[in-house]
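As structure tokens, the structure follows; a few thoughts come after it.
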Amino acid sequence: MNYIAQIREAAELIRESAHCYCLTGAGMSTESGIPDFRSPGGLWQEIDPIKTSSAEVLYNNPRVFYEVAFTRFARITRAEPNAGHRSLARLEQMGYLKGLVTQNIDGLHVKAGSQRVWEVHGHLRSGYCLGCQKRYPFEFLVEQVEGKQIPPSCPTCNHMLRPDVVLFGDPMPPLFYEAWEELAGQCDLLLVCGSSLVVYPVAELPALARKLIIINLEPTPYDHLAAVVIREKCGKVLPAIVELLEA
Ligand code: NAD
656 MNYIAQIREA AELIRESAHC YCLTGAGMST ESGIPDFRSP GGLWQEIDPI KTSSAEVLYN
716 NPRVFYEVAF TRFARITRAE PNAGHRSLAR LEQMGYLKGL VTQNIDGLHV KAGSQRVWEV
776 HGHLRSGYCL GCQKRYPFEF LVEQVEGKQI PPSCPTCNHM LRPDVVLFGD PMPPLFYEAW
836 EELAGQCDLL LVCGSSLVVY PVAELPALAR KLIIINLEPT PYDHLAAVVI REKCGKVLPA
896 IVELLEA
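Start counting the sequence shown at 656; every next residue gets the next number (my numbering).
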């Protein structure tokens, strides 16, 4: 199938589906200037996230976590949604998309206007105290780190603050299981955008869908099961699909 035929087929599958959901990964946001992990030139080639961004590092070596991983997180908050994020928000607005599961912590789906978003690896809008659990805006943590107060601490009880993201070694939050149950019960089509589909347990979600569309630059372990695989950028493919559905 050539590219035009793939886009048409994908749009048709979305039009015909009753409960289409979307799963996005780091590849969704590379066009917003945020590197993914596994592409050539991706973050994994620069730093080993297990050595800088895991729960173990946060608890045992908070200085490394805050100086390396957190500084990268803080840069991500300045990114803006791209045409792919906006297209997914539009698909939901048009009634085609019932919900969106994202592995991304960048908050760009929310910024783009998507309403039903499960941010299963957390987000960068807030943080909380490991002692009294009080929540603070993410900016409050950034201000302390920029002022060399590392690790940032709770003004109420003085315990360490941490961002609301799911780190390697953290348990998955309850909203992941919420998303799991809804997809298992309803999803007749899953649109996968910009994910290598190798990070578990999120990579188990495509197995719940009756049909799959995969938009990803590189091969994934689910390609052989997908109705359509498009090896192109999300920021190009998704607006083209929306255009067909709007026509
Ligand atoms: P990944 O890095 O494992 O894979 C990203 C995939 O996207 C790659 O296969 C790549 O070929 C593809 N890709 C890159 N740019 C693309 C584009 N413009 N269009 C289509 N495909 C594109 O990412 P993952 O599967 O999401 O897993 C990585 C983990 O890292 C996740 O758990 C996530 O939480 C975290 N992460 C998040 C961000 C973010 O919030 N933006 C960034 C880096 C990593």
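For every residue, glycine included, the Cβ atom is placed at its ideal position computed from N, Cα and C.
Bear in mind that the values here come from a model prediction, so they are computed numbers and not experimental data.
List the endpoints of the continuous beta strand (DSSP E) containing residue i.
i, result
"I870", "867–870"
"G777", "777–784"
"L763", "Counting along the chain, L763 falls outside any beta strand (DSSP E), though it belongs to the alpha helix (DSSP H) covering 763–767."
"P792", "790–792"
"V883", "883–885"
"P818", "816–820"
Looking at the secondary structure, which residues open and close the alpha helix (DSSP H) in which residue i lies?
i, result
"V897", "889–901"
"L668", "658–671"
"V723", "V723 -> no alpha helix (DSSP H), and no H or E assigned at all."
"R741", "738–748"
"V712", "710–715"
"F831", "829–841"
Could you tell me the alpha carbon to alpha carbon distance between residue i and residue j, rounded to whole angstroms?
i, j, result
"P810", "G762", "26 Å"
"P874", "K789", "42 Å"
"A734", "L678", "20 Å"
"H764", "K753", "14 Å"
"P856", "N657", "32 Å"
"L661", "V800", "The displayed chain sequence assigns Gln, not Leu, to residue 661. Rounded to the nearest angstrom, the two C-alpha atoms are 47 Å apart."
"I669", "L863", "17 Å"
"P792", "E722", "19 Å"
"I869", "S850", "9 Å"
"E901", "R745", "10 Å"
"N759", "R780", "13 Å"
"E774", "M827", "11 Å"
"Q804", "T726", "13 Å"
"D691", "G840", "30 Å"
"P861", "E711", "29 Å"
Say yes only if the C-beta of residue i is nearer than 8 Å to one or more non-hydrogen atoms of ligand 1, and no if none qualify.
i, result
"F831", "no"
"H740", "no"
"A681", "yes"
"G849", "yes"
"P690", "yes"
"P709", "First, the amino acid is wrong: residue 709 is Ser here, not Pro. Every heavy atom of ligand 1 is 8 Å or more from the Cβ of S709, so no."
"S781", "no"
"G824", "no"
"S610", "The question about residue 610 has no answer, for the chain in this structure spans 656 to 902."
"C889", "yes"
"E664", "no"
"D761", "yes"
Kindly identify the DSSP beta-bridge partner or partners of residue i.
i, result
"T679", "T757, C848"
"W773", "V756"
"S684", "According to DSSP, S684 bridges with nothing at all."
"F823", "S709"
Open item on the list: Three or more C-beta pairs under 8 Å: does that hold for the stretch 738–751 against the stretch 712–727?
Closed with: no
Open item on the list: Can you confirm whether the stretch 769–787 touches the stretch 811–825 when touching is taken to mean that 3 or more C-beta pairs between the two stretches lie within less than 8 Å?
Closed with: The stretch 811–825 vs the stretch 769–787: in contact.
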